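One structure below.
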Amino acid sequence: MDSLKLIGLRVPKMSPMVQMQVPLWLALILKKQARCKIVMPSWLEEEHLRQVYERETTVQDRFSDQLPWRWMELSQSLLAHASDDLKSPLAKVRSLLQDIREVRLAKARAGISELNESHVQMDNLGHMEINELRPFAILVMDQLRRITSLTEPEPDHDDDDYDNDDV
Numbered sequence: 001m002d003s004l005k006l007i008g009l010r011v012p013k014m015s016p017m018v019q020m021q022v023p024l025w026l027a028l029i030l031k032k033q034a035r036c037k038i039v040m041p042s043w044l045e046e047e048h049l050r051q052v053y054e055r056e057t058t059v060q061d062r063f064s065d066q067l068p069w070r071w072m073e074l075s076q077s078l079l080a081h082a083s084d085d086l087k088s089p090l091a092k093v094r095s096l097l098q099d100i101r102e103v104r105l106a107k108a109r110a111g112i113s114e115l116n117e118s119h120v121q122m123d124n125l126g127h128m129e130i131n132e133l134r135p136f137a138i139l140v141m142d143q144l145r146r147i148t149s150l151t152e153p154e155p156d157h158d159d160d161d162y163d164n165d166d167v
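Under UniProt numbering, residues 1 to 167 are what the sequence shown spells out, in order.
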């Protein structure tokens, strides 16, 4: 295949049996045309996923940083269109991904219950995980704001220091 000039990227000429990095969308198109084999990322291997799961279950106050920002979207695309390129059994990888997702979601929901009205600490959560939690987090933060506004005294506007009649 000849080289491709894309916006912000130039893909060199591709030759058979030569491994190269290309954008995921291009790899999936070539895979669909049976013109390539996709080398799966190391984070999608069974052993790595098992380690992430163990860390997620043992460390309760932090999320593992061993997964990429869009791990859910990437794994879904790769498993749907290139599962035959996996080294591990597909069912095992899917099961571990689901287990990790459930543990992280439970930790995030538990963490939201400990938040304050101004910010939420969610380091190392993925893109899709944040989107799933957003409605719940917004609801909780709005309720906290209301509670805080009810408990704080209203400022006194009758003070003479702020009277600007003689200016």
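Glycine is no exception: its CB is placed at the ideal position from the N, C-alpha and C atoms.
Small disclaimer: the values here were computed from a predicted structure and weren't measured.
Taking only the alpha-carbon atoms, compute the straight-line gap between R55 and S64 and give it to the nearest angstrom.
Counted from its first residue, the sequence shown places residue 55 at position 55. Counted from its first residue, the sequence shown places residue 64 at position 64. C-alpha separation (whole angstroms): 7 Å.
On a Cα-Cα basis, can you pick out the residue from R109, E129, M128, V59 that is closest to L139?
For the purposes of this step, residue 139 is taken as the residue at position 139 of the sequence shown. Per the Cα distances, R109.
What's the gap between the Cα of M1 and the Cα of L49?
Residue 1 sits at position 1 when you count from the first residue of the sequence shown. Residue 49 sits at position 49 when you count from the first residue of the sequence shown. Cα to Cα, M1 sits roughly 35 Å from L49.
Buried or exposed: V93, going by 16 or more other Cβ atoms within 10 Å of its Cβ?
Within the sequence shown, the letter at position 93 stands for residue 93. Per the 10 Å Cβ criterion, buried.
Counting C-beta neighbours from all protein chains within 10 Å, is the total for W25 16 or more, i.e. buried, or is it exposed?
One-based indexing of the sequence shown puts residue 25 at position 25. When all chains shown are included, W25 counts as exposed.
Going by the beta-carbon positions, is the gap between S83 and L97 smaller than 7 Å?
As a first step, residue 83 is located in the sequence shown; it is residue number 83 there, counting from the start. As a first step, residue 97 is located in the sequence shown; it is residue number 97 there, counting from the start. Contact flag unset, no.
Are W69 and G126 close, meaning C-beta to C-beta below 7 Å?
Counted from its first residue, the sequence shown places residue 69 at position 69. Counted from its first residue, the sequence shown places residue 126 at position 126. Result yes, Cβ atoms of W69 and G126 sit closer than 7 Å.
Suppose you measure from the CA of V11 to the CA of Q21; what does that come to, to the nearest Å?
In the sequence shown, residue 11 corresponds to position 11, counting from 1. In the sequence shown, residue 21 corresponds to position 21, counting from 1. Answer to the nearest angstrom: the Cα atoms are 9 Å apart.
Where do the ends of the beta strand (DSSP E) carrying R10 lie?
What you label residue 10 is simply residue 10 of the sequence shown in a count that begins at 1. Counting along the chain, the beta strand (DSSP E) containing R10 begins and ends at 9-11.
Between P23, P16, R104, E152, which lies nearest to G8 when the distance is taken from Cα to Cα?
Position 8 of the sequence shown, counted from the first residue, corresponds to residue 8. G8 has its Cα closest to that of P23, out of P23, P16, R104, E152.
Looking at the structure shown, is P5 part of a helix, part of a strand, or coil, going by DSSP?
Numbered from 1 along the sequence shown, position 5 holds the residue referred to as residue 5. One point to set straight first is that residue 5 is Lys, not Pro, in the sequence displayed. DSSP places K5 in strand when its eight states are reduced to three.
Confirm, please, whether the CB-CB distance from M40 to D85 is below 7 Å.
Within the sequence shown, numbered from 1, the residue matching residue 85 stands at position 85. Within the sequence shown, numbered from 1, the residue matching residue 40 stands at position 40. For D85 and M40, yes; Cβs fall inside 7 Å.
Which of the three DSSP states, helix, strand or coil, is assigned to V52?
Locating residue 52 in the sequence shown gives position 52, counting from the first residue. In this structure, V52 counts as helix in the three-state DSSP scheme.
If distances are taken between C-alpha atoms only, which option among I38, Q33, K32 comes closest to V18?
Taking the first residue of the sequence shown as 1, we reach residue 18 at position 18. The option with the nearest alpha carbon to V18 is I38.
Measure the alpha-carbon distance for M14 versus S3 and round it to whole angstroms.
Stepping through the sequence shown from its first residue, residue 14 is reached at position 14. Stepping through the sequence shown from its first residue, residue 3 is reached at position 3. If I take the Cα positions, the gap works out to 7 Å.
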